[in-house]
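K.L.:
Residue numbers (this note's numbering): 1 to 509.
In this text, a Cβ means the ideal position worked out from N, Cα and C, and glycines have one as well.
The structure under discussion is supplied below as structure tokens; questions concerning it will follow.
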């Protein structure tokens, strides 16, 4: 939104002339308010921005610089926009933080707060009665501990529901955080990075986790995982990346104690010994009946192993697998999920079943996001029509073109297939093979992609194409919603990057 304010006159509440250029949703809001004002007071001319409710609603579509400028218009505008400006605050050392007096005066509006423990005490000790999300960052000095201040901050904020703690240097006093946190039943989400939880702290820690709905443990070391008799009934979202003393088998034991999981992001660290845990997954058992989103990172599953895991799930809507092999076992296990699948990321997997990607494109009517690795254009063109043409919004792919093929023909045919994805917002084309890759140029049929009216982001990684000035001019002219372009490992593209930037399009190269 482009927001322009012109002040006329002087005084505490001057006369304002507004010029507003808003996005579609904001324009509809202003027009609706104008019609309502005319209906209620037909003999009065009321500017909708004189109504505090309308100012607050329109303010939600403004960026922070415009919001700050709005504070300076008048007292009534300050009252409308101050809650939006102060809703989220970050306090970091050696940064341009808000003045302490202003922070204290507007603390009533703060709902999200990020602070480093090295910021002055006056900030940390100020209660924020509406605070819902708190992020605490520790320092590099072992003598400074985020736990020394976090319990105090937690005790001041009964509405706190999201707590994030990032520890870069561990300290024994970290254990102080768990007991006070257990008393806040509104606290439903906890994100933890880098902490070592000692044996004497584990009972209090797991008691704390038992009240959560969402838990992230990244680069965390836990001496003792919870006993098998403990269940985490409330836990629905779990992001897990534990250090080496916790075996995969034992981690899986704990995951099994979370029967109501809806989302699981499980990452295996390289230091953790790889085990075959897939025998624990029995197709049709559905140990997690509500688990519909699954992300597995760092596992090198073979086709049959991954197939067992997929087969033990019910109605997957999101599947993200980093590494491993996908073949006919996985394809068979995926078939029951075709109707429910919305997002699939197998870009770093070795696909050994040529029909897997074509079958997915032809059988998943609600697919919105697809990331695949190298796929030969011949396999795509030989497959059935894409049933996800109207639903797909994000596509990451590497289309290979072997030398013995009619390259020009296949280029145009693949581009024609992509042109039918009329709701596509993000397109990424990568290349990691010796074969030729898709080349988005006018001479190869780029103009067919004029149908991608909603395209916002285009990334090209290590492809064999070389864009020309005419190609870039066409993209700028026909993709009006384009905001980001990436030209990576494509040689010297500074001239082309400058063209995108001159058109207001962010470009990396």
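1. Buried or exposed for residue 494, going by 16 or more other Cβ atoms inside 10 Å?
2. My understanding is that residue 323 touches residue 298, with C-beta atoms under 8 Å, so please give their C-beta distance in whole angstroms.
3. Helix, strand or coil, according to DSSP, for residue 503 in the structure here?
4. Between which two residues does the alpha helix (DSSP H) carrying residue 121 extend?
5. Looking only at its chain, what residues have a beta carbon closer than 8 Å to the beta carbon of residue 96, apart from the 5 residues adjacent to it on each side?
6. Using C-beta distances below 7 Å, list every residue in its chain close to residue 250, excluding the 5 sequence neighbours before and after it, in chain order.
7. DSSP three-state label for residue 534, please.
8. Closest to residue 469 by CA distance: which of 446, 496, 460 is it?
9. Taking Cβ positions, are residue 524 and residue 111 nearer each other than 7 Å?
10. To which residues of the same chain is residue 127 closer than 8 Å at the C-beta, ignoring the five residues directly before and after it?
11. Measure the C-alpha to C-alpha separation of residue 93 and residue 53 and round it to an integer number of angstroms.
12. What are the boundary residues of the beta strand (DSSP E) that residue 363 is part of?
13. Looking only at its own chain, which residues have a Cβ that is under 8 Å from the Cβ of residue 186, when we skip the five neighbours before and after it?
14. Where does residue 508 fall in DSSP's three states?
15. Could you spell out the range, first to last residue, of the alpha helix (DSSP H) harbouring residue 202?
16. DSSP state of residue 269, grouped into three classes?
17. Helix or strand or just coil, what does DSSP make of residue 382?
18. Out of 301, 311, 119, state which residue places its alpha-carbon closest to the alpha-carbon of residue 292.
19. Just reading off the beta strand (DSSP E) that residue 214 is part of, what are its end residues?
20. Which whole-angstrom value describes the C-beta separation of residue 454 and residue 481, a residue pair presumed to lie in contact below a C-beta threshold of 8 Å?
21. Who pairs with residue 321 in a beta bridge, going by DSSP?
22. Report the three-state DSSP secondary structure of residue 95 (helix, strand or coil).
23. What separation, rounded to the nearest whole angstrom, lies between the Cα atoms of residue 443 and residue 78?
24. Counting only the same chain and skipping the five closest in sequence on each side, list residues whose C-beta sits under 7 Å from that of residue 347.
25. Hey, quick one: how far does the alpha helix (DSSP H) through residue 102 stretch, first residue to last?
26. Can the beta-carbon of residue 399 be found closer than 7 Å to that of residue 438?
27. By the DSSP assignment, the alpha helix (DSSP H) with residue 59 in it spans what residues?
28. Any idea what DSSP makes of residue 451, helix, strand or coil?
29. Is it buried or exposed for residue 507, if we count other Cβ within 10 angstroms and need 16 for buried?
30. What are the partner residues of residue 193, as DSSP defines its beta bridges?
31. Going by alpha carbons, who is nearest to residue 211 out of 283, 191, 235, 222?
32. How long is the line joining the alpha carbons of residue 509 and residue 502, rounded to whole angstroms?
33. Taking C-alpha atoms, which residue in 65, 391, 368, 82 lies nearest to residue 56?
34. Quick one: grab the DSSP three-state call for residue 33.
35. Are the Cβ atoms of residue 303 and residue 329 separated by less than 7 Å?
36. In chain order, what residues of the same chain have a beta carbon less than 7 Å from the beta carbon of residue 277, not counting five sequence neighbours either side?
P.N.:
With the given structure in hand:
1. Looking at its Cβ environment, which holds fewer than 16 other Cβ atoms inside 10 Å, residue 494 is exposed.
2. The C-beta distance from residue 323 to residue 298 rounds to 7 Å, short enough to fall under 8 Å.
3. Under the three-state reduction of DSSP, residue 503 is assigned to coil, being neither helix nor strand.
4. Per DSSP, residue 121 belongs to the alpha helix (DSSP H) from 121 to 124.
5. Correct list: empty, nothing qualifies.
6. Exclusion of the five residues before and after residue 250 leaves 225 as the residues of its chain whose Cβ lies within less than 7 Å of its Cβ.
7. Coverage of the chain is limited to positions 1 through 509, which leaves residue 534 absent and any answer about it impossible.
8. Just measuring C-alpha positions, the residue of 446, 496, 460 sitting nearest residue 469 is 496.
9. Not covered by the structure: residue 524. The range shown for the chain is 1 to 509.
10. Correct list, in chain order: 107, 156, 157.
11. Computed Cα separation, rounded: 36 Å.
12. Annotation for residue 363: no beta strand (DSSP E) segment contains it, though the alpha helix (DSSP H) segment containing it runs 356 to 363.
13. Taken in chain order, the residues that qualify are 158, 159, 160, 161.
14. DSSP, read as helix, strand or coil, puts residue 508 in strand.
15. Per DSSP, the continuous alpha helix (DSSP H) segment holding residue 202 begins and ends at 202 to 209.
16. Secondary structure of residue 269 (DSSP, three-state): coil.
17. In the three-state DSSP reduction, residue 382 falls in the helix class (H, G or I).
18. Per the Cα distances, 311.
19. Counting along the chain, the beta strand (DSSP E) containing residue 214 begins and ends at 214 to 222.
20. Their Cβ separation, rounded to whole angstroms, is 6 Å, which keeps residue 454 and residue 481 in contact under 8 Å.
21. Residue 321 is bridged to 296.
22. Of the three classes helix, strand and coil, the one that applies to residue 95 here is coil, per DSSP.
23. Between the alpha carbons of residue 443 and residue 78 lies a distance of about 55 Å.
24. Hits under 7 Å: 371, 372, 373, 396.
25. Counted as a single uninterrupted DSSP element, the alpha helix (DSSP H) harbouring residue 102 occupies residues 100 to 105.
26. Cβ atoms of residue 399 and residue 438: closer than 7 Å.
27. Its alpha helix (DSSP H) spans residues 52 to 59.
28. In the three-state reduction of the DSSP assignment, residue 451 falls in the helix class.
29. Residue 507 is classed as buried because its beta carbon has at least 16 other beta carbons within 10 Å across all chains shown.
30. Residue pairing by DSSP puts residue 193 in a beta bridge opposite 166, 218.
31. Answer by Cα proximity: 235.
32. Answer to the nearest angstrom: the Cα atoms are 15 Å apart.
33. The shortest C-alpha separation from residue 56 is found at 82.
34. Note on residue 33: pLDDT 48, under 50, position unreliable in the model; no value is reported.
35. Result yes, Cβ atoms of residue 303 and residue 329 sit closer than 7 Å.
36. If we look at residue 277 and ignore the five residues flanking it on each side, its Cβ neighbours are 248, 249, 252.
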